[in-house]
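Written below as C-alpha cells is the structure these notes are about.
2 protein chains.
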Amino acid sequence: MTELLQYFQQELPHINGFLEGETEKMDGLVRDVAQHVLLAPGKRIRPVLTLLSARALGYGKDDIYPLACSLELLHAATLMHDDILDGADLRRGRKAAHLVYGTTETVLAGDVLLALANLIGAGYGKSRISSILASGIMSTAQGEIREIAHISEPVAQRDTYMEIIIGKTARLIESSCRIGAALATDDREIEDALGEFGLNMGIAFQLVDDALDYESPSDDTGKPEGGDLREGKITLPLILLLEMLDDKEAEELLAGLKAMTLSDERRDEVVARIREKGLGTRTRKYAADYIEKAKNSLKPLPDTPEKRILGLAADYVLTRSK
Amino acid sequence: MTELLQYFQQELPHINGFLEGETEKMDGLVRDVAQHVLLAPGKRIRPVLTLLSARALGYGKDDIYPLACSLELLHAATLMHDDILDGADLRRGRKAAHLVYGTTETVLAGDVLLALANLIGAGYGKSRISSILASGIMSTAQGEIREIAHISEPVAQRDTYMEIIIGKTARLIESSCRIGAALATDDREIEDALGEFGLNMGIAFQLVDDALDYESPSDDTGKPEGGDLREGKITLPLILLLEMLDDKEAEELLAGLKAMTLSDERRDEVVARIREKGLGTRTRKYAADYIEKAKNSLKPLPDTPEKRILGLAADYVLTRSK
C-alpha cells in the first residue's frame, strides 16, 4: 500500500500543476467554474491510471502528463453537465457548480473542457487516441441517458444497473487505461488487456461507491447519506433488498420511487433495512469479483513495478471508506 | 448559379440520408431533440463545403459523407447548448429545443452529437482531422463566451465584434473546409488555403446574417425582426449606427442595452434608423470584401469544377435574402 501511496504522492504535483496551469489560462467566464470542479480535492485516479498503463508498457517520456489529464478533463466536463441534469446539489462535498456559477457558465465550461481534452489527445498524432476519447464521451453520455430513463421508469434489474454504471463510470476508467496503452504501443491486444483491467476496476469502483452511499454518514463522502435513494436512483444495495421483499412490497416501493413520493420515514426505514441485512457488504463482495477479473487481465503484461502498482490500485478500490 | 444549385441538389439526399440514419439510431431520450435540430430544413453549407474541399483536391471516394456531416453535427450540438445559454426562443423558425424537449435532453443530445462528430472524425485514421474538429469546438465555445461577456459589458468595438463572429460562426466553416482538405492531402499549405477560404466566407456569412436581422421581416428568416437588438447583441449594423451618434446618445443607448431597459418604441426607432441610413447595405459591402479575400485564397488550388463551385458558393453568400 505504501508503494501505491508513494506513486500517487510523487505524481500528484505534476497532474495538479498541469490542471492548475490549464484552468489559469481560461477565459474569466468559465475559469472559476472550471477551477471549482477540476481543482477540488480528488483522487486523480484517472490520470494516474493513464501514467501507469503507459509506463507498464515501457513508455518513459515526460510528455505524457497532458494526455494523462485528458480523462480528468472529460470527467470534470461530464460532472458539470450531469450536475445540470440531476439537479444534484452536492458534488465532492461542494455545492453543484451550476448553482454557484450559473447554468450558462457551467454548460460552456463543460464544452471547453471537452474540447480541450480532444485537442490534447489529437496533439499526440495518433488517431487511436482520439477514437478512445470520443468513445469515452459517447459512452458516458449514453450511460447518463440510461440512468435518466431508469429514474422515470424504475426497474430492479441487475443488467440495467450494470449498463448504467458501465456507461457512467467504468468506460472513462477503461479509457484512462486504454489511452496510456495506445500511446505506448500499437498492439491492440495489449491495449485491450489494459482496457479490460480499467473496465472491471471501474465497475468495482462504482459498486463500492454505491455501497458507501448506504453505509457512510454524509461527512465522510461529502454526499448526503442515502442520496441515491433520495434522487430515485436504484443501485445494487437497493436491488438486493427489492429481490428479498415480497412482490407486493417491492412494487409499492418501486412505485414510490417512481412518483418521488417516499416519505423521509420510509426512506430512513429502507436505509436501515439495507444496513441491517448487510447489503452494502454484499455489494462489496460483487466488487471483489470484478477486482479479481481486473487483476487477471493484467497477466499478459511484462513484469514491471507499474504492473504491480496497478494491482495495488485495484485492491485499494475495495478497501476505501470514502 | 444553376451549377451551384445542381451541386447542392445532387448532394443533399446523401447528406440528409446520413443524418437521418444516425439520428434514427439514437436513444429515445435524445432522438427527438436531435431530429428536431438536425433535420430542420437547412442549407447544409458545412457538409457541402467539406465535399467540395476534398474533391477540389482530387479526393474521389464515397466514404466522405460521414466526415462531411461531422461539422453539421458539431454545429447542431452548439446550437443546442447555445439555446440553453441564450434563452433564445426561436431557432430556424422553430421553438428552441430545450423549451420543447427539456434542458436535460438538450444538454445530453448536444454531448452525444459532439461525441459522434469526434468518433466519426477519428474513424478516418488521421489525427489531423481530430485536431481540426477539436479546434472547431474550442473556438465555438470561446466565441460564445466572448459574446456573453459582450452582452453584460456592451462595447461598440468592431474588433470585439469580429472576434465574436469568427468564434461563433467562421471557425466552424473554416473547419468544414479544412477537414475536407486534410482528408485529401497532407500538404498543410493547401489545407491553409482552403481554411482561409472558409474563414473569410464564414465571416461574410455572419455579416450578411447580421444585416438580414435588421432588414427582413421575421417570416423570411424565421427569427424575430431586430432579434439581436432585443437579445442585447451588438452587431455591425448597430455598431455603424453607434459610430454615427454623438457620444451622449451612444452612451445612453449602450446603457439601455446593458440594463435591458430599452422600450419597444426605442427599439423600433433604432431599427428604423439603421434601415434609413442603409447600414445593412454597408454591412453587406464589408461582407463583399471578405468574399473577395475568400476567392483569392483559392488561387493555389488546381483548376477543377469544384474550385469553380466554391467560388459560386462564396458569391451566393452575398446575394441570399434569408
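In order, the protein sequences belong to chains P and Z.
Reminder that position 121 of the first sequence reads as 121 in the working numbering, one-by-one numbering, no gaps.
Count along the second sequence from 1, add 1000, and you get the number used in the working numbering.
By construction, the Cβ of each residue, glycine as well, lies at the ideal position given by its N, Cα and C atoms.
Could you spell out where the alpha helix (DSSP H) holding residue i opens and where it closes?
i       : result
Z:D1027 : Run containing Z:D1027: none; DSSP gives neither H nor E here.
Z:A1040 : No alpha helix (DSSP H) holds Z:A1040; DSSP gives it neither H nor E.
Z:G1195 : R1188 to E1215
P:V112  : T103 to A122
P:Y161  : R158 to I165
P:S155  : Ser is not the amino acid found at residue 155 of chain P; the sequence shown has Val there. No alpha helix (DSSP H) holds P:V155; DSSP gives it neither H nor E.
Z:T1304 : Where Z:T1304 is concerned, there is no enclosing alpha helix (DSSP H), given that its DSSP letter is neither H nor E.
Z:S1176 : R1171 to A1184
P:M260  : Per DSSP, P:M260 belongs to no alpha helix (DSSP H) and is neither H nor E.
Z:T1281 : L1279 to N1296
P:G227  : G227 to R230
Z:L1240 : L1236 to M1244
Return the CA-CA distance between residue i and residue j, expressed in angstroms with no decimal places.
i       : j       : result
Z:S1131 : P:E144  : 26 angstroms
Z:S1175 : P:Q157  : 45 angstroms
P:I239  : P:H150  : 13 angstroms
Z:Q1035 : P:L73   : 29 angstroms
Z:R1091 : Z:I1084 : For Z:R1091, the predicted structure reports a pLDDT of 49, less than 50, and the residue's modelled location is therefore unreliable. A value from the coordinates is still provided. Cα to Cα, Z:R1091 sits roughly 12 angstroms from Z:I1084.
Z:I1164 : Z:F1197 : 18 angstroms
P:G226  : P:L114  : 31 angstroms
Z:A1272 : Z:L1262 : 15 angstroms
P:I173  : P:V112  : 21 angstroms
Z:Y1065 : P:E105  : 34 angstroms
P:K293  : Z:H1098 : 42 angstroms
P:L12   : P:L67   : 14 angstroms
Z:P1255 : P:L79   : The question names Pro, but residue 1255 of chain Z in the sequence shown is Ala. Cα to Cα, Z:A1255 sits roughly 37 angstroms from P:L79.
Z:E1024 : P:S152  : 22 angstroms
Z:A1288 : Z:D1192 : 21 angstroms
P:L133  : Z:V1030 : 21 angstroms
Z:L1207 : Z:T1140 : 17 angstroms
P:R267  : P:I203  : 26 angstroms
Z:A1250 : Z:I1190 : 45 angstroms
Z:T1103 : P:A182  : 36 angstroms
P:E269  : P:E231  : 16 angstroms
Mind checking residue i: buried by the 16 CB within 10 Å criterion, or exposed?
i       : result
Z:M1026 : buried
P:M244  : exposed
P:K126  : buried
Z:Q1009 : exposed
P:Y7    : buried
P:A96   : buried
P:Y124  : buried
Z:P1041 : exposed
Z:L1241 : buried
Z:V1100 : exposed
P:S321  : exposed
P:L116  : buried
P:P154  : buried
Z:R964  : With chain Z covering only 1001 through 1322, there is no way to say anything about residue 964 of chain Z.
P:L257  : buried
Z:S1053 : buried
Z:G1339 : Outside the modelled stretch of chain Z, which goes from 1001 to 1322, sits residue 1339 of chain Z, for which no answer is possible.
Z:A1259 : exposed
P:P300  : exposed
P:D209  : buried
Z:L1039 : exposed
P:N200  : buried
P:L82   : It is Asp, not Leu, that sits at residue 82 of chain P in the sequence shown. So P:D82 ends up on the buried side.
P:G280  : buried
Z:D1213 : buried
P:K233  : buried
Z:K1248 : exposed
Z:T1050 : buried
Z:N1118 : buried
Z:K1168 : buried
Pull up the CB-CB distance for residue i and residue j, whole angstroms please, since I reckon it's below 8 angstroms.
i       : j       : result
P:E306  : P:R44   : Not a contact, Cβ separation roughly 16 angstroms.
Z:Y1286 : Z:L1236 : 7 angstroms
Z:I1179 : Z:I1137 : Not really, about 13 angstroms apart at Cβ, beyond 8 angstroms.
Z:G1110 : Z:S1070 : The pair is not a contact, with the Cβ atoms about 15 angstroms apart (cut-off 8 angstroms).
P:A313  : P:K295  : Contact doesn't hold; Cβ gap of about 10 angstroms is too wide.
Flag residue i as yes if its beta-carbon sits less than 8 angstroms from any beta-carbon of chain C, otherwise no.
i       : result
Z:M1138 : Among the chains of the structure shown, chain C does not appear; the protein chains present are P and Z.
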